[in-house]
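The structure under discussion appears below in the form of structure tokens.
Numbering (this note's numbering), first residue to last: 1 to 470.
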């Protein structure tokens with residue numbers, strides 16, 4: 001049976017690549033609900049063509065693909081939405097083209113999470129064809145707001161019976177039974193002038209494409225007398241990461257960085273921090289924007305939160321490696337009511353909501369700002385002794401030839417949304433992780449190996465007469 005399964009996967013590679021490219025060509029950035037719905041419809045249509053049951057629920061916010069029968073249900077959580085492409089000039093191709101080069105498919109969402117979503121769909125199709133007597137049900141649950149507020153999966157969890165256990169292919173191999181917490185905090189400064197109105201002033205600040213990505217661009221508009229603007233323009237021309245554009249009685253500045261997943265601050269270069277490093281020494285008139293720059297500069301280049309009181313030397317929790325809490329500014333926006341900064345945190349126990357609120361209140365002393373938590377998710381820890389995890393571990397070892405271990409996921413995933421879920425693949429040790437970066441791409445060879453792993457693990461779970469929930 002297993003040889004037949006793997007043969008079907010091998011023969012399906014060309015169709016899988018074609019489907020992934022078509023999937024990527026739908027620019028399903030989370031905030032564009034029409035395109036996200038189109039991506040979900042594409043996936044469900046493809047499942048129906050395979051003979052699988054597929055439906056959308058909650059006004060097309062969640063999709064479900066299902067096959068099999070039995071008392072236990074194995075769940076696989078994927079998502080059809082993606083983060084924005086960022087600066088298109090940084091890409092080697094159109095981010096929604098699905099270009100193929102050097103054994104890789106390029107495009108936004110290839111890694112996170114459209115490639116893995118196609119993998120598990122083809123895995124389930126192969127199992128349907130080869131396993132005539134399933135003892136368990138499999139559900140692929142497709143979300144549409146994973147990159148933002150998770151309103152989709154939260155509504156689903158409140159309204160429907162959930163799988164007994166499972167995984168989300170939205171990370172790395174081997175099994176990640178631990179994830180850091182996820183927190184977005186907004187710091188806002190009101191628009192009222194703090195001091196007298198002067199001519200040399202900040203008019204606008206902007207940067208970042210999403211709370212969970214390191215910003216690759218940040219911009220400022222400055223107004224004032226010609227002499228001050230000329231001096232600032234000349235200063236920026238001497239800085240390699242700055243660009244300037246003259247306006248009528250003004251200047252538009254752009255700081256360039258490098259995008260990355262916000263859970264890995266050192267993998268990127270934060271354009272917001274770079275911009276504020278330049279602006280902080282300028283004698284701008286007191287204002288909400290100038291205050292925001294002052295606050296950002298005071299906390300610049302502190303990804304482990306030492307100045308915030310969030311750093312702890314110990315990196316183990318209950319004997320398991322958890323690294324350290326990280327904190328980075330990922331978004332800044334000028335609004336009618338002032339300016340707002342979003343900080344993204346990836347937390348490690350014992351850091352919790354109360355400690356985060358206290359840290360922000362303390363750091364705002366001496367500043368004219370207010371703060372609120374926008375999103376809060378606790379860290380994840382799943383017992384590695386669950387029987388279903390043993391099935392997954394063996395499949396990984398047999399296909400990859402590598403030993404299984406239980407690892408920490410630095411990012412956050414839908415695994416936090418349901419009990420007894422972990423993140424698992426598609427990236428292997430040593431694979432480059434380009435999720436959320438310009439030039440995101442997926443190795444076809446690695447992707448097919450991940451698909452083989454998912455196929456074997458799901459087939460063994462479905463065929464097992466044992467209760468694997470534990």
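Backbone N, C-alpha and C fix where the C-beta goes; we use that ideal spot for every residue, glycine too. Keep in mind it's a predicted model, so treat the numbers as computed, not measured.
Does the separation of the CB atoms of residue i and residue j fall below 8 Å?
i	j	result
residue 224	residue 76	no
residue 205	residue 334	yes
residue 418	residue 178	no
residue 391	residue 442	no
residue 327	residue 313	no
residue 117	residue 57	no
residue 84	residue 20	no
residue 253	residue 259	no
residue 447	residue 426	yes
residue 282	residue 232	yes
residue 5	residue 126	yes
residue 95	residue 104	no
residue 251	residue 410	no
residue 371	residue 385	no
residue 471	residue 351	Shown here, the chain extends from 1 to 470; a query on residue 471 therefore has no answer.
residue 288	residue 191	yes
Could you check what DSSP says for residue i in three-state terms: helix, strand or coil?
i	result
residue 451	helix
residue 106	strand
residue 394	helix
residue 156	helix
residue 196	Because the pLDDT at residue 196 is just 45, under 50, the model does not fix this residue reliably, and the value given afterwards should be weighed accordingly. Reduced to three states, the DSSP call for residue 196 is coil.
residue 374	strand
residue 408	strand
residue 283	coil
residue 146	coil
residue 99	coil
Using CA atoms only, rank isn't needed, just tell me which of the options is closest to residue i.
i	options	result
residue 220	277, 210, 266	277
residue 309	317, 324, 297, 290	324
residue 415	148, 169, 20, 131	169
residue 464	89, 72, 299	72
residue 90	108, 103, 81	108
residue 412	160, 183, 13	183
residue 315	349, 367, 294, 287	349
residue 294	173, 7, 363	363
residue 376	140, 212, 142	212
residue 438	292, 115, 110	110
residue 15	119, 249, 148	119
residue 400	355, 445, 444, 449	449
Could you tell me the boundaries of the beta strand (DSSP E) in which residue i lies?
i	result
residue 141	137–143
residue 55	53–57
residue 203	201–207
residue 27	Where residue 27 is concerned, there is no enclosing beta strand (DSSP E), given that its DSSP letter is neither H nor E.
residue 421	421–423
residue 442	441–443
residue 333	326–335
residue 242	242–247
residue 256	250–256
residue 343	338–347
Can you tell me the Cβ-Cβ gap for residue i and residue j, rounded? I've got them flagged as a contact below 8 Å.
i	j	result
residue 342	residue 180	The pair is not a contact, with the Cβ atoms about 17 Å apart (cut-off 8 Å).
residue 262	residue 214	6 Å
residue 239	residue 393	About 50 Å; that fails the 8 Å criterion.
residue 128	residue 69	Wrong, their Cβ atoms sit about 12 Å apart, outside the cutoff.
residue 144	residue 54	That pair is no contact at about 15 Å.
residue 188	residue 366	Wrong, their Cβ atoms sit about 16 Å apart, outside the cutoff.
residue 63	residue 142	4 Å
residue 396	residue 356	Between residue 356 and residue 396 the Cβ distance is about 35 Å, and since that is not below 8 Å, they are no contact.
Terminal residues of the continuous alpha helix (DSSP H) containing residue i?
i	result
residue 177	From DSSP, residue 177 is part of no alpha helix (DSSP H) but of the beta strand (DSSP E) over 176–179.
residue 164	Careful: residue 164 lies outside any alpha helix (DSSP H) and carries neither H nor E.
residue 115	115–130
residue 524	Coverage of the chain is limited to positions 1 through 470, which leaves residue 524 absent and any answer about it impossible.
residue 234	226–237
residue 357	353–363
residue 298	288–298
residue 7	2–11
Looking at residue i and the ligand NAP, is the gap between the Cβ and the nearest heavy atom below 7 Å?
i	result
residue 126	This structure lacks the ligand NAP; in fact it carries no ligand of any kind.
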